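In UniProt numbering, the protein residues as written are 1 to 697.
Structure representation (structure tokens):
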């Protein structure tokens with residue numbers, strides 16, 4: 001087996017990783033796996049044969065790797081790194097093995113060089129494994145290595161690994177180093193630096209222009225996929241270089257004319273569509289039409305987005321090509337329908353739809369996709385339940401048979417599901433605001449399953465889990481106390497420094513929403529509200545625009561209530577909920593002049609636990625007067641295929657009622673219905689909603 005592992009490396013070096021000979025090696029490994037006890041040999045073979053093995057052998061290799069890691073007292077960094085690489089190559093989401101590997105990596109990280117740290121960070125990113133402890137340690141170690149990296153190879157590795165996670169000071173040092181070393185960089189190194197600058201969202205124009213000039217210099221040596229990466233990086237970096245874009249366009253079209261691989265054609269077309277004022281000729285359109293029947297759903301999605309961009313671009317030139325593009329889109333949609341209808345494997349469907357989102361999926365494919373999912377409902381298993389749940393959450397499509405099946409499989413196999421994966425399942429039910437049969441048993445089983453593992457959760461995932469449960473009115477005490485402990489919040493702050501900017505902002509916002517939900521619905525936990533400054537910053541950054549529809553409704557409310565001053569537009573409540581409109585009625589349902597909002601928001605610290613309903617009296621309102629919140633609910637508030645209100649909007653209604661509001665919700669499908677097609681009908685509708693007792697809002 002030792003010699004076999006060395007031979008497999010030789011074959012891999014010769015690009016023979018998919019050869020029949022590698023298949024024979026895989027067969028030999030399969031027959032001798034039980035006797036293999038050396039982690040180094042196993043990890044080398046796992047990497048080498050990863051492209052030719054069956055699902056059954058893949059599972060056996062993972063099981064063997066786990067057993068050897070458990071049995072070995074001492075392991076080498078590179079052996080563990082190769083096992084993680086195997087998980088990336090096979091796209092296997094075995095979190096238990098990944099966590100065991102990470103434990104060893106944390107013990108050995110100080111002995112790793114720049115290249116190995118860079119590789120592990122890249123593997124973790126590909127596997128969506130955001131381990132904060134390793135990221136922080138790796139960042140610290142890589143920062144210490146900056147001054148010692150004086151060659152272009154080492155610096156490029158360090159720049160790529162550290163750049164996306166660096167703070168302002170370290171980023172400045174890296175950018176300065178990149179400028180100094182730029183002329184020493186080869187084609188591949190320039191490409192790596194450009195990709196890292198994109199990830200960093202760099203705004204250093206001197207460095208961007210220098211990298212662009214080097215890319216231009218080496219442009220002829222890059223492969224088609226690399227040209228696509230260059231195009232994307234330059235567009236994200238807002239690089240101004242018309243000559244470079246002209247040359248890029250020529251090369252992309254020349255490669256497109258000779259390429260027949262669907263995935264590559266899709267990548268090249270997507271890159272072409274990114275270029276400024278992109279217009280295409282008949283050759284490109286013919287190439288797209290020819291490759292459509294061979295494309296998977298992910299490629300078809302990329303092509304659909306590109307075609308829509310061409311339509312918009314030609315509109316700028318006032319060209320009449322919409323008929324050509326219309327026929328192309330029709331053919332594309334037909335190919336997509338056929339592919340969905342022919343798919344007989346749920347895992348294949350989920351893989352192809354993994355990164356598909358937006359208008360094309362929602363408006364063209366969603367109904368057909370759900371019909372296929374129902375046809376394949378018996379293939380829902382404990383292994384694909386988390387990913388399937390994530391997909392359904394993304395679509396906002398309420399399909400009760402599928403949700404009931406997910407609930408049933410989860411309840412039956414809860415002990416086999418990795419505890420952090422429970423988040424995706426719970427989020428589906430709370431976001432879509434749907435209670436399956438045995439809903440309480442499902443939530444209780446999931447909560448009991450993750451409870452013993454709270455300390456092993458990544459901090460940001462624990463916040464997301466807490467928020468998902470809060471939407472559904474579940475507040476496990478141990479989870480809430482853990483999240484709002486000083487130690488946990490310090491850990492979370494440290495992790496947020498290493499996360500991409502968009503995810504960082506999302507986690508901070510979810511923590512605020514969870515803090516608000518606990519204060520309002522779980523006063524017994526005595527968790528203080530500590531997001532005043534954060535919410536004020538959000539308000540300061542907001543655009544404060546009032547839509548035409550809001551102006552229309554505001555005017556009607558003024559007429560109904562006896563004057564525009566009786567209805568306040570764009571109101572902030574305690575705990576910073578934003579309302580479309582607010583009015584005040586006395587005990588006889590007569591409108592009152594609006595109290596100054598500053599009084600309502602002043603000194604929130606005086607709000608006593610469990611006494612939120614007294615806010616009205618403290619705000620200087622007469623006894624028995626009531627604030628009325630009027631909310632217009634657009635399509636985002638409802639499930640995609642129905643009038644079923646989503647969980648976040650139901651939670652907001654609960655919270656406003658706790659704060660003492662009578663909540664009037666105006667669904668878009670009622671407001672825009674044929675029934676309400678005149679101003680008089682709208683006025684009567686609003687009057688009925690606001691003034692009728694016990695009305696169902």
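For each residue, glycine too, the CB sits at the ideal point set by N, CA and C.
Being a predicted model, the structure only gives us computed values, none of them experimental.
Per DSSP, residue 222 lies in no alpha helix (DSSP H) segment and is marked neither H nor E.
Around the Cβ of residue 5, a 10 Å sphere holds 16 or more other Cβ atoms; the residue is buried. In the three-state reduction of the DSSP assignment, residue 485 falls in the coil class. Taking a 10 Å sphere around the C-beta of residue 85, we find 16 or more other C-beta atoms and assign the residue as buried.
Of the residues 514, 139 and 194, the one whose Cα lies closest to the Cα of residue 167 is 139. For the set 276, 401 and 464, the Cα lying nearest the Cα of residue 426 is the one of 464.
In this structure, DSSP gives residue 446 a helical state, which the three-state scheme calls helix.
Counting the other Cβ atoms within 10 Å of the Cβ of residue 131 gives 16 or more, which makes it buried. For the pair residue 637 and residue 663, the CB atoms are not nearer than the 8 Å cut-off. 8 Å or more divides the Cβ of residue 470 from the Cβ of residue 442. For residue 554, the closest alpha carbon among the candidates 541, 569 and 264 is that of 569. Beta-bridge partners assigned by DSSP to residue 26: none are found. Between the alpha carbons of residue 159 and residue 200 lies a distance of about 11 Å. Between the stretch 268 to 281 and the stretch 293 to 309 there are three or more C-beta pairs closer than 8 Å, enough to call the two in contact. Membership of residue 669 in the alpha helix (DSSP H) is indicated by the continuous run 668 to 671. For residue 627, DSSP records a beta bridge to 584 and 661. In chain order, 114 place their CB closer than 6 Å to the CB of residue 154, counting only its own chain and leaving out the 5 sequence neighbours on each side.
Assignment of residue 463 by DSSP, reduced to helix, strand and coil, places it in the helix class. Between the stretch 66 to 74 and the stretch 89 to 103 there are three or more inter-stretch CB-CB distances shorter than 8 Å, so the stretches are counted as touching. Distance from the CA atom of residue 549 to the CA atom of residue 535, rounded to whole angstroms, is 26 Å. If one requires a minimum length of 4 residues, the alpha helix (DSSP H) runs lying completely within the stretch 85 to 138 are 95 to 108 and 114 to 126, in chain order. For the pair residue 110 and residue 161, the CB atoms are not nearer than the 8 Å cut-off. A buried status is given to residue 339, since no fewer than 16 other beta-carbon atoms sit within 10 Å of its beta-carbon. Distance from the Cα of residue 373 is smallest, within the candidate group 358, 362, 399 and 355, for 399. In the displayed model, residue 44 falls within a helix according to three-state DSSP. A distance below 8 Å separates the beta carbons of residue 402 and residue 377. Short of 6 Å from the beta carbon of residue 475, and not among the five residues preceding or following it, lie these beta carbons of its own chain, in chain order: 522. Exclusion of the five residues before and after residue 539 leaves 572 and 576 as the residues of its chain whose Cβ lies within less than 8 Å of its Cβ.
Between the alpha carbons of residue 560 and residue 473 lies a distance of about 36 Å. Here residue 74 carries a coil assignment [DSSP, helix/strand/coil]. According to DSSP, residue 569 shares a beta bridge with 581. Its chain contains 556, 557 and 560 as the residues whose beta carbon lies nearer than 7 Å to that of residue 686, once the 5 sequence neighbours on both sides are disregarded; these appear in chain order.
Separation of the CB atoms of residue 517 and residue 370 is rounded to 31 Å, and the pair is thereby denied contact status at 8 Å.
For residue 147, no alpha helix (DSSP H) segment is defined, and its DSSP state is neither H nor E. Residue 591 sits in a strand when the DSSP states are folded into three classes. Check the Cα spacing between residue 487 and each of 504, 510, 455 and 477: the tightest is with 455.
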